[in-house]
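Trainee:
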Amino acid sequence: MKEKLVKKSPGAKQEPASADAVLPRLGFVGMLRWAWRQLTSMRNALLLLLLLAVAAVPGSLFPQRSSAASSVTQYLANHPTSGPILDWFKLFDVYSSPWFAAIYLLLFTSLVGCVLPRAKIHFKAMRSAPPRTPKRLSRLAEYGTVEIPAESGISAETAVHDAAAVLKSRGYRVDVRDLDTDRPSVGAEIGFLKEVGNLVFHISILGVLAAVAYSGLAGYSGQRVLVEGETFVNSIVGYDTFTPGAYFNENRLSPYSLQLDKLAVKYDRESPGHYGQPIDFTATLTTKDGAGAAPKSQILKVNDPVSMGGTNVYLVGNGYAPVVTVKDGKGNVAYQGPVVTIPTDGAYTSLLVIKVPDAKPNQLGFVGFFLPTALVDDKGVAYGSDPDPFNPQLNLNAYTGDLGLDNGVPRNVYTLDTAKLKQINGRDMAAGGIVLAPGQSYTLPEGNGTISFDGIKRFAALDIRNDPGQIYVLVFAVLALGGLMGSLFLNRRRVWIRTGSHPDGRTMVEFGLLARGEDHRLAGESRALDKALHTKWLVPLPSAVEDGTQDKSYKKTRKDQSDTETGITMASKDQ
Amino acid sequence: MPAINEGLGMLSEQFMLMAGLAYAVAFCAYAWDLVTYSKAAKAGLAAAESGAGMEENKHQLVAAGSAGLGASNAELGLGAGPQDRAVRPSSKTHTSDDGITAGDSMRYGTEKRVVARVAVALTIVAACVHAMAVVFRGMAAGRVPWGNMYEFCTTGGLAVALVFLLVLTRRDLRFLGTFVIGLVLVMLTAASVAFWTPVGHLVPALQSYWLVIHVSIAVLSSALFTLTFAMSVLQLVQARREASIASGKKDKALVMRLVPNALSLENMSYRINGIAFVGWTLTLMFGAIWAEKAWGRFWGWDTKEVWTFVIWVVFASYLHARATRGWTGTRAAWLSIVGYLCVVFNFTIVNVYFSGLHSYAGVGGS
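Printed below as a string of structure tokens:
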């Protein structure tokens, strides 16, 4: 396709120019080349970078499905007009949206288009000799001279070799030239790692992106709420929710198990300003690597995950699970066990729903809240005042009717649709609400049975993750950091030293330094080189600066000069 | 977990107040110095114009002799602003006081600026008291004092003051004092008025050694960004002033005489921003490592993560802008300013008003 068009384009060029055709025609390939040049230009890369920053912002303004799916649902419910429009623009999925992807893919294409040619140029530069010695070294940013006295017997040629040795010992790549003339010189260059660092940084950023993508494809994650005494077995059915990556298969789940023995929670009881704030969550687990393995006791804390079977297990949430027993109208136990609640505030005011589809003759449902430390306000409404169970209380409303669980439609266990149910008691009804302390039980009206509050357990919300890609993300990030530091803090410099013999027998040496790119330490390097050369030939340093014979203003100016002057740079390629 | 020491906490707050007062006096001294010294500089300039400019010329000549490129010093004097592409990105500008802007070296001649010395001394005293206040706060809580916004803000202010004093030992940045110490004052006031929180234990999510690593490097980078923010603002003002003087208008902002020329400011803030950008990269990386430990994923586009990323990209743009034709100078300065405003936004608005996993502000919560 491309070749064909290339063959065609010369013909296009030979078209006779019509009177009003002023612009030369680009042709398709020319257009492509133009587009590529535009894309890889520094200016557009910069604009794309700024665009990326701007594009990331909406993700912090609107709730995102990836991190807070329920807030998105809530937002859509609250904003029936604007919500769907925002949704159409993918503002609830910013980071997986086509437009966000377009920006970073263009940016990375631009990056590749910039980095590859630069790498090629730099590879060549590293293998070629330093450029030829400029005619007038005194025009360079830093310049100095050394006069070797005649009696030391060092010829111009020896001096240039000495100078090359000095430069080499300072880490320069050197090239001695013009030995057959009476003005031999040495060209030297240092700091290739600066550009290498720059390239490593940009390539590593690509690596980070690739590793993040791999991490999303190869890993898996899931959540599980575990009440004290319960056991989680690492299989798909063991999870409450499970999110596999594209490369996931079930054989990768190692069949370990873990039992939550106890979740200990400690609250701040000493500082008045933070009274009741949690200060420690410690879960004690009994883990087994496989079905027949020996049990092991392990501690799981926030910030301290447990590693098992290629996964990490994190403690991400906790709450109360009151243990209740519901007996139906016939006196049979229809439900018994802990009920996981949803804590809503710092005092653990926890919402709960109990569904008892097995109750006969009528199915039963309960909606209410659990308070670890209940107080009653002057209107008679109970409220939670402390996260610790000092005065635990269960407040429930009961419903009868078809709970809708029998037709196989999946339902959220934490909500009960009461629209089609018949309420049989509540705070505003004649029968009153159900208020239970541990050990108490309540007889439901109309012969619907009883409910008793037997005790309190705690639950732990666990995140279980396998992410084989994240180590590569780290590796590339560290490489990028190293490259960044190299490119910012190393300096690329060129030095030339030329020698010649004075008719009176002295050997004259002059040197000049040039920085490529910004280099505020060039003057320092010049001074160091000056000193090294003088030491090499045992020539005393000119003492004008040190002996104080000059007037004050001269001295001051010299000092200012040497401190602040840095190299005039050659325009670098990308400018 | 060691017990909370309320007495030490009270002491810390008293010290914080004392530090704030000392900073306030130092701030006034810096401002006074800026005004009086620029007046003195004006007087000096008038003297130089009336024929006593020999000394000045001598400087130039000697400078010309001592460096191969001396001849261009005169040309570089004023036209060396960012608008002059030919000399960028070299940091060579004029070397000494030319009566219009301060020299690139920021060495202001031999005159003693008594008021400025007092201001620096006061800053040192204030920083010492401030440091004690921060240390007492940490001792009172039995941990590093970086657990809520009050503590971030007071420690951040201390970091800014210390970094400023540290840079003062290398460069005479006293002209920045009004600005920098002003910002420290703003931080201390915000901490005491808006973000005040009593001493307390850390919530479990913050109980990690990563708190020390991640927050310290974030605070340090932010302190450096604060310095460059001040420089970039001055750079914009100075660039305007240079352009207006070059076009023959009267110099209206004499105070700016004490400030180096725009190009020197740009070069120095570029160097500091380079270091701060590496610091911010580390903040991002350490944050990701900690997030993996605490929340089970290294990156989840949490609001705080988003803004940390945005700041990183803005400063990456700034570094690129310095190598892009047409984007150096004023535009780069604007990017640096926007980046710092993002840092401030990330610390204040995002912490307080945006919901996310980083909601440790301790402000107005239950």
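Sequence lines, in order, name chains A and B. The opening residue of the first sequence carries number 1 in this note's numbering; numbering runs sequentially from there. The opening residue of the second sequence carries number 576 in this note's numbering; numbering runs sequentially from there. Idealized CB from N, CA, C, for every residue including glycine.
Residue 343 of chain A CB to nearest chain B CB: under 9 Å?
Mentor: Here residue 343 of chain A refers to the residue found at position 343 when the first sequence is read from its first residue. So no, residue 343 of chain A is outside the interface.
Trainee: Taking the beta carbon of residue 85 of chain A as the centre, do at least 16 other beta carbons fall within 10 Å, making it buried, or is it exposed?
Mentor: Working through the first sequence from its first residue, we reach residue 85 of chain A at position 85. So residue 85 of chain A ends up on the exposed side.
Trainee: Tell me the residue span of the alpha helix (DSSP H) that contains residue 454 of chain A.
Mentor: As a first step, residue 454 of chain A must be located in the first sequence, where it is residue number 454. No alpha helix (DSSP H) holds residue 454 of chain A; the beta strand (DSSP E) holding it covers 450–466.
Trainee: For residue 470 of chain A, decide whether its Cβ has a neighbour in chain B, counting only Cβ atoms nearer than 9 Å.
Mentor: Mapped onto the first sequence, residue 470 of chain A falls at position 470. Chain B, which has a Cβ nearer than 9 Å to the Cβ of residue 470 of chain A, makes this yes.
Trainee: Ignore the nearest five residues each way along the sequence and tell me which others in residue 647 of chain B's own chain have a CB closer than 6 Å to its CB.
Mentor: Counting from one through the second sequence, the residue named residue 647 of chain B turns up at place 72. Note that residue 647 of chain B scores a pLDDT of 34, beneath 50, so its modelled location is shaky and nothing firm can be said.
Trainee: Comparing the C-beta of residue 240 of chain A with each C-beta of chain B, is any distance below 9 Å?
Mentor: Position 240 of the first sequence, counted from the first residue, corresponds to residue 240 of chain A. Chain B contact via Cβ: absent.
Trainee: Of all the residues that make up the stretch 88–101 of chain A, which are near chain B by a beta-carbon distance shorter than 9 Å?
Mentor: Residues 94 and 95.
Trainee: Are the stretch 789–801 of chain B and the stretch 598–611 of chain B in contact at 8 Å, needing three or more beta carbon pairs?
Mentor: In short, these stretches do not touch, since the Cβ pair count stays below three.
Trainee: Whole angstroms is fine: what's the gap from residue 313 of chain A's alpha carbon to residue 307 of chain A's?
Mentor: As a first step, residue 313 of chain A must be located in the first sequence, where it is residue number 313. As a first step, residue 307 of chain A must be located in the first sequence, where it is residue number 307. If I take the Cα positions, the gap works out to 6 Å.
Trainee: Taking residue 830 of chain B as the reference, which of B/706, B/843, B/812 and B/595 has the closest Cα?
Mentor: Locating residue 830 of chain B in the second sequence gives position 255, where the first residue counts as 1. Of the listed residues, the one whose Cα sits closest to residue 830 of chain B is B/812.
Trainee: How far does the alpha helix (DSSP H) with residue 920 of chain B in it reach, from first residue to last?
Mentor: As a first step, residue 920 of chain B must be located in the second sequence, where it is residue number 345. Residues 905–922.
Trainee: Threshold first: 3 residues or longer. Then list the beta strand (DSSP E) segments lying entirely within the stretch 210–290 of chain A, N to C.
Mentor: Listed in chain order, they are 220–227, 231–233, 241–244, 257–267 and 278–288.
Trainee: At a Cβ threshold of 9 Å, is residue 308 of chain A touching chain B?
Mentor: Start at 1 with the first residue of the first sequence, and residue 308 of chain A comes out as number 308. No, residue 308 of chain A does not count as interfacial toward chain B.
Trainee: Closest Cβ-Cβ distance between residue 578 of chain B and chain A: below 9 Å?
Mentor: Working through the second sequence from its first residue, we reach residue 578 of chain B at position 3. Interface residue, yes.
Trainee: Since residue 277 of chain A meets chain B, which of its residues come closer than 8 Å, beta carbon to beta carbon?
Mentor: Sequence index remark: in the first sequence, residue 277 of chain A carries index 277 (1-based). Within chain B, the residues near residue 277 of chain A are 775, 776 and 778.
Trainee: Compare the beta carbon distance of residue 103 of chain A and residue 52 of chain A with 9 Å and say whether it is the shorter of the two.
Mentor: Here the question's residue 103 of chain A lines up with position 103 in the first sequence. Here the question's residue 52 of chain A lines up with position 52 in the first sequence. Going by C-beta atoms, residue 103 of chain A is nearer than 9 Å to residue 52 of chain A.
Trainee: With 9 Å set as the bound, which would you pick, yes or no: does the beta-carbon of residue 396 of chain A sit closer than that to a beta-carbon of chain B?
Mentor: In the first sequence, the residue the question calls residue 396 of chain A occupies position 396. It does not; no Cβ of chain B falls within 9 Å.
Trainee: Please look up how many angstroms separate the CB atoms of residue 491 of chain A and residue 519 of chain A, rounded, as I've assumed it's under 8 Å.
Mentor: Here the question's residue 491 of chain A lines up with position 491 in the first sequence. Here the question's residue 519 of chain A lines up with position 519 in the first sequence. So it is a contact: roughly 4 Å between Cβ atoms.
Trainee: What is the residue span of the alpha helix (DSSP H) that residue 374 of chain A lies within?
Mentor: Start at 1 with the first residue of the first sequence, and residue 374 of chain A comes out as number 374. Note, residue 374 of chain A: premise wrong, no alpha helix (DSSP H); beta strand (DSSP E) at 374–376.
Trainee: When you compare the CB of residue 262 of chain A with every CB in chain E, is at least one pair closer than 9 Å?
Mentor: In the structure shown, chain E does not exist; the protein chains are A and B.
Trainee: Closest by CA to residue 349 of chain A, which one among A/435, A/319 and A/37?
Mentor: The count along the first sequence starts at 1 and reaches residue 349 of chain A at position 349. The candidate whose alpha carbon is nearest that of residue 349 of chain A is A/319.
Trainee: According to the neighbour-count rule (16 or more other Cβ atoms, all chains shown, within 10 Å of its Cβ), is residue 464 of chain A buried or exposed?
Mentor: Counting from one through the first sequence, the residue named residue 464 of chain A turns up at place 464. When all chains shown are included, residue 464 of chain A counts as buried.
Trainee: With 9 Å as the threshold, decide whether the Cβ of residue 842 of chain B is near any Cβ in chain A.
Mentor: The residue given as residue 842 of chain B occupies position 267 in the second sequence. Yes, because at least one Cβ of chain A sits closer than 9 Å to the Cβ of residue 842 of chain B.
Trainee: In whole angstroms, what separates the C-alpha of residue 99 of chain A from that of residue 58 of chain A?
Mentor: Counting from one through the first sequence, the residue named residue 99 of chain A turns up at place 99. Counting from one through the first sequence, the residue named residue 58 of chain A turns up at place 58. Approximately 12 Å between the Cα atoms of the pair.
Trainee: What whole-angstrom Cβ distance do residue 142 of chain A and residue 523 of chain A have, given they're in contact under 8 Å?
Mentor: Looking up residue 142 of chain A in the first sequence gives position 142. Looking up residue 523 of chain A in the first sequence gives position 523. Rounded, the Cβ-Cβ distance is 6 Å, consistent with contact.
Trainee: Between which two residues does the beta strand (DSSP E) holding residue 365 of chain A run?
Mentor: Counting from 1 along the first sequence, the entry for residue 365 of chain A is found at position 365. Where residue 365 of chain A is concerned, the enclosing beta strand (DSSP E) stretches over 364–371.
Trainee: What is the residue span of the beta strand (DSSP E) that residue 581 of chain A lies within?
Mentor: Outside the shown range of chain A, which is 1 to 575, sits residue 581 of chain A, and nothing can be said about it.
Trainee: What do you get for residue 78 of chain A, buried or exposed, if any count of 16 or more other CB atoms within 10 angstroms of its CB means buried?
Mentor: Position 78 of the first sequence, counted from the first residue, corresponds to residue 78 of chain A. Residue 78 of chain A comes out exposed.
Trainee: Ends of the beta strand (DSSP E) at residue 308 of chain A?
Mentor: Mapped onto the first sequence, residue 308 of chain A falls at position 308. Element bounds for residue 308 of chain A: 306–308.
Trainee: What span of residues does the beta strand (DSSP E) with residue 930 of chain B cover, start to end?
Mentor: What you label residue 930 of chain B is simply residue 355 of the second sequence in a count that begins at 1. Looking at the DSSP string, residue 930 of chain B is not in any beta strand (DSSP E), and its letter there is neither H nor E.
Trainee: State yes or no: is the C-beta of residue 123 of chain A within less than 9 Å of the C-beta of residue 487 of chain A?
Mentor: Here residue 123 of chain A corresponds to residue number 123 of the first sequence, with the count starting at 1. Here residue 487 of chain A corresponds to residue number 487 of the first sequence, with the count starting at 1. No, Cβ-Cβ distance for residue 123 of chain A and residue 487 of chain A is not below 9 Å.
Trainee: Mind listing the chain A neighbours of residue 856 of chain B? Cutoff is C-beta to C-beta under 7 Å, in chain order.
Mentor: Working through the second sequence from its first residue, we reach residue 856 of chain B at position 281. Going along chain A in sequence order, the residues near residue 856 of chain B (Cβ under 7 Å) are 481 and 484.
Trainee: Assuming the contact rule is C-beta atoms closer than 8 Å, residue 917 of chain B and residue 881 of chain B should be a hit. Round their C-beta distance to whole Å, please.
Mentor: In the second sequence, residue 917 of chain B corresponds to position 342, counting from 1. In the second sequence, residue 881 of chain B corresponds to position 306, counting from 1. Residue 917 of chain B to residue 881 of chain B, Cβ: 11 Å. No contact.
Trainee: Tell me whether residue 762 of chain B sits in a helix, a strand or coil according to DSSP, three-state version.
Mentor: Locating residue 762 of chain B in the second sequence gives position 187, where the first residue counts as 1. If DSSP states are grouped into helix, strand and coil, residue 762 of chain B belongs with the helices.
Trainee: Spatial neighbours of residue 663 of chain B within its chain, please: CB distance less than 6 Å, with the 5 preceding and 5 following residues excluded, ordered by chain position.
Mentor: As a first step, residue 663 of chain B is located in the second sequence; it is residue number 88 there, counting from the start. With a pLDDT of 33 at residue 663 of chain B, under the threshold of 50, the modelled position of that residue is not reliable, and the figure given next carries that caveat. Counting only Cβ-Cβ distances below 6 Å, and skipping sequence neighbours, we find 903.
Trainee: Taking C-alpha atoms, which residue in A/510, A/353, A/369 and A/392 lies nearest to residue 412 of chain A?
Mentor: By 1-based counting over the first sequence, the position of residue 412 of chain A is 412. Of A/510, A/353, A/369 and A/392, the residue nearest in Cα terms is A/353.
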